[in-house]
Amino acid sequence: MSVSLESRAKLPTKILEIVTDASTLLAVPINASQSADMLLTSAKQLTTLVPVIDNSAEILQSLNEMMDAVEEKLPQMDKGIDVVCGVNDTLQTLERQNYHCTVPKSTSADSFASSVASSSQTHHSQQ
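Residue numbers (UniProt numbering): 1 to 127.
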């Protein structure tokens, strides 16, 4: 490319235009290469996440299978809980009856405290 020398004043303007045009032309591939580097880095990061994603998918599948198994056994578990609650109620009733048999009934708080203390001493001495 030749620069025509029309006058000494126009020479710096022409050089400035050439430099500006060159920098504009260079900016496109530089920006493209930076974008390509960013895309390449992002792709590398995504490929490192693939095993994590696969592992998470396997874990979620296992959880799904466990939840299906629990849903199938849920009616049996409800019946079992009812039985356990019934047994617990019966044991509590027996425990209360046994407690009331060993501790004399009293309406005052002082006599209640002393009866509990005496029954616990009696209970420990029997053991």
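We treat Cβ as the ideally placed atom computed from N, Cα and C, and that holds for glycine.
When DSSP assignments are scanned along the stretch 59-96, no uninterrupted stretch of alpha helix (DSSP H) that is 4 or more residues long falls wholly within it.
Cβ neighbours of Val84 within its own chain (closer than 6 Å, five residues either side excluded): none.
The alpha-carbon separation between Ser56 and Ser35 amounts to approximately 31 Å. A straight-line Cα-Cα distance of about 10 Å links Asp21 and Ala27.
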